[in-house]
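The structure appears below as structure tokens.
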Amino acid sequence: MTETAQHDQHESGVQTAPPFARLYWSVRRELWEHRSIYVAPLAVAAVVLIGIFIHAVSLPELFRSVSTRSAGAQRDLLAASYSAAAIVLMLTSVLVGCFYCLDALYGERRDRSILFWKSLPVSDSITVLAKISIPLVVLPIFTFAVVMIVQVIVLVVSSIVIYGSGSDVATYWSYLPFLQMPPGVLYFLIALALWYAPIYAWCLLVSGWAQRAVFVWAIAPALALVAIERTTMKSGFFTELITSRVVGLFSQAFSKTNEDNVIPDPQKLFSAPGLWIGLAISAALLVAAIKLRRRRDPL
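Residue 48 in numbering that gives the first Met the number 0 is what sits at position 49 of the sequence shown, and the numbering runs on without skipping anything.
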């Protein structure tokens, strides 16, 4: 078989590959090109562990002092390191997702690699879906794994410190909500991905449109809208809307019990109109990003 025939056969095989396979390899390509997707969370995890290791010095004294507190206070106090590590890593995943989306389409136009990728039998729809799947699917899964590993390391180190101080490790373990932590982290990551979906989609659209200063173009419309509303209409509707989208997830996804404990509330989250309106806006923004990539020229 000649080289030309082999090439034609290869091209035919790629073109007839199912969409899921093309989506899978497009996601793999994003991971190869954007190492910050996994390097940044790992770097933050290392910093978090260093801080927790330093704090572990005072853990035996803290452990001895919790005996005078209520059961809920004991659990919250001793689980604070685990919760803090999880929250920091989850917020890191949101920041990484936003910055990734801001560079995802802009970067390939800037270095003109879009000309190469457009020569392949992969549609703009699959390419954009692969890019949005990074903050919506890949980062939550990776962050969940990192959080679990970090919490296991914290548990091992804390147990060694507690044992070395002469205290009972089993009693320390009894205070920790082992069964609640993994489902709680997973639920929070899913809620983050769904709630911030319109922000990711907006960043992706701006990435495909802007000629330069992508970050400025991403936040300038929101700032301008708030300024115009404040000065002309004397209203706070858009300000509250934007604020709710950026920092309002916790009140939508969690509820307080009679004992003032905060628990996940999926029913509350999935019945919130703001969630579904945001997802509908995300779909519209992704359609616009697909059309924009199809027509936008390299920089």
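Ideal placement from N, C-alpha and C gives every residue a C-beta, glycine not left out.
Taking 8 Å as the threshold (beta carbon to beta carbon), is A209 in contact with chain C? Looking at the structure shown, chain C is missing, and only one protein chain is on hand.
In the region 143-204, which residue ranges form an unbroken alpha helix (DSSP H) of at least 4 residues, counting only runs that do not cross its ends? 168-174, 180-194
Taking buried to mean at least 16 other C-beta atoms within 10 Å of its own C-beta, is L274 buried or exposed? Indexing the sequence shown from 1 puts residue 274 at position 275. Buried, by the Cβ-count rule.
In whole angstroms, give me the CA-to-CA distance for I49 and T91. Taking the sequence shown and counting its residues from 1, the one referred to as residue 49 is at position 50. Taking the sequence shown and counting its residues from 1, the one referred to as residue 91 is at position 92. Answer to the nearest angstrom: the Cα atoms are 17 Å apart.
Quick one, are the C-beta atoms of F177 and M89 less than 8 Å apart? Position 178 of the sequence shown holds residue 177. Position 90 of the sequence shown holds residue 89. It is not a contact, given that the beta carbons lie outside the stated cut-off.
What would DSSP say about K255, mapped onto helix, strand or coil? As a first step, residue 255 is located in the sequence shown; it is residue number 256 there, counting from the start. Reduced to three states, the DSSP call for K255 is strand.
Go through the region 254-287 residue by residue and report every complete run of the alpha helix (DSSP H) that reaches 4 residues or more, in order. 265-269
Cβ pair Y199, P272 closer than 8 Å: Within the sequence shown, residue 199 is the residue found at index 200, counting from 1. Within the sequence shown, residue 272 is the residue found at index 273, counting from 1. No, the Cβ-Cβ distance between Y199 and P272 is not below 8 Å.
H33 (DSSP reduced to helix, strand or coil): The residue labelled residue 33 in the question sits at position 34 within the sequence shown. Three-state result, H33: coil.
Excluding the 5 residues flanking I189 on each side, which residues of the same chain have their C-beta closer than 8 Å to its C-beta? Here residue 189 corresponds to residue number 190 of the sequence shown, with the count starting at 1. Excluding sequence neighbours, I189 sits near P139.
Leaving out five residues on either side along the sequence, give the residues of the same chain with a beta carbon under 7 Å from the beta carbon of I152. As a position in the sequence shown, residue 152 is number 153, starting the count at 1. Once the five neighbours on either side are set aside, the close Cβ partners of I152 are L48.
If you run the structure through DSSP and keep just helix, strand and coil, what is K233? Translated into the one-based positions of the sequence shown, residue 233 becomes position 234. Three-state DSSP puts K233 in coil, outside helix and strand.
Straight-line gap, R108 to R211 (C-alpha atoms, nearest Å): Walking along the sequence shown from the start, residue 108 turns up at place 109. Walking along the sequence shown from the start, residue 211 turns up at place 212. Using only the alpha carbons, I get a separation of about 11 Å.
Rounded to whole angstroms, what's the CA-CA distance from A144 to R28? Just pull it up for me. Sequence index remark: in the sequence shown, residue 144 carries index 145 (1-based). Sequence index remark: in the sequence shown, residue 28 carries index 29 (1-based). About 21 Å.
A223: first and last residue of the uninterrupted alpha helix (DSSP H) it sits in: Counted from its first residue, the sequence shown places residue 223 at position 224. That run of the alpha helix (DSSP H) goes 213-227.
Check whether the Cβ atoms of L278 and L193 lie closer than 8 Å to each other. Residue mapping note: residue 278 aligns to position 279 of the sequence shown, counting from 1. Residue mapping note: residue 193 aligns to position 194 of the sequence shown, counting from 1. It is a contact, given that the beta carbons lie within the stated cut-off.
Would you mind stating whether V137 and I36 have Cβ atoms separated by less than 8 Å? Position 138 of the sequence shown, counting from 1, holds the residue named residue 137. Position 37 of the sequence shown, counting from 1, holds the residue named residue 36. For V137 and I36, yes; Cβs fall inside 8 Å.
Let's see if you can read the secondary structure: which residues bound the alpha helix (DSSP H) around G247? For the purposes of this step, residue 247 is taken as residue 248 along the sequence shown, with counting starting at 1. Where G247 is concerned, there is no enclosing alpha helix (DSSP H), given that its DSSP letter is neither H nor E.
Can you give me the C-alpha to C-alpha distance between F237 and F98, rounded to a whole angstrom? Here residue 237 refers to the residue found at position 238 when the sequence shown is read from its first residue. Here residue 98 refers to the residue found at position 99 when the sequence shown is read from its first residue. Going from the Cα of F237 to the Cα of F98 covers about 23 Å.
For P120, name the three-state secondary structure that DSSP assigns. Counting from 1 along the sequence shown, the entry for residue 120 is found at position 121. In the structure shown, P120 sits in coil (DSSP, three-state: anything other than H, G, I, E or B).
Count the other CB atoms within 10 Å of the CB of S157; is the residue buried (16 or more) or exposed (fewer)? Taking the first residue of the sequence shown as position 1, residue 157 is located at position 158. The residue is buried, with at least 16 neighbouring Cβ atoms inside 10 Å.
Is it right to say Q8 is buried, meaning 16 or more other beta carbons lie within 10 angstroms of its own, or is it exposed? As a position in the sequence shown, residue 8 is number 9, starting the count at 1. Legend: pLDDT at Q8 = 46, less than 50; position of this residue unreliable, value from coordinates given subsequently. It counts as exposed.
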